[in-house]
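Quick notes on the structure that follows.
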Amino acid sequence: MPETIAAVYENGMLRPLTPLSLNDGETVQIQIIAETQSEEIKGDRELATKLREWRGLIRLPRKKFQLDVATEKKRRELFEKLKGRVGKPLSEIVIEDRGPW
Numbered sequence: 042m043p044e045t046i047a048a049v050y051e052n053g054m055l056r057p058l059t060p061l062s063l064n065d066g067e068t069v070q071i072q073i074i075a076e077t078q079s080e081e082i083k084g085d086r087e088l089a090t091k092l093r094e095w096r097g098l099i100r101l102p103r104k105k106f107q108l109d110v111a112t113e114k115k116r117r118e119l120f121e122k123l124k125g126r127v128g129k130p131l132s133e134i135v136i137e138d139r140g141p142w
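Numbering-wise (this note's numbering), the sequence shown opens with residue 42 and increments by one.
The structure is reproduced here in structure tokens:
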């Protein structure tokens, strides 16, 4: 039965990090796949993003986006106003907000 495990290479031998379900003398095939360091992955991702930007495939914002306090306050007010109306069609909410004609 195929099984994937992690092992550490020490003193010329592979040492499994978890117990194996093997009998003594059993022959197995081993495929060595080195773990990629997270820093390598991060660097590759940043390089790929820069290449996409350089080729004009994407445009990245030049500065960090920040909501001003008034916008954040308005957004919270709208959230409070709408949170009790879950599942109601937007058209009905608009009609209710308009009030009587």
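Even for Gly, the Cβ is constructed at its ideal location relative to N, Cα and C. As the structure is a prediction and not an experimental result, all values here were calculated from the model.
The Cβ atoms of residue 63 and residue 48 lie no closer than 8 angstroms to each other. Under the three-state reduction of DSSP output, residue 116 falls in the helix class. Judged by DSSP secondary structure, residue 51 falls outside any alpha helix (DSSP H) and instead within the beta strand (DSSP E) spanning 48-51. A straight line joining the alpha-carbon of residue 100 with that of residue 88 spans about 14 angstroms. Rounded to the nearest whole angstrom, the C-alpha separation of residue 68 and residue 45 is 16 angstroms.
C-alpha of residue 139 to C-alpha of residue 107: approximately 32 angstroms in a straight line.
Annotation for residue 131: no beta strand (DSSP E) segment contains it, though the alpha helix (DSSP H) segment containing it runs 131-139. The Cβ atoms of residue 136 and residue 126 lie no closer than 8 angstroms to each other.
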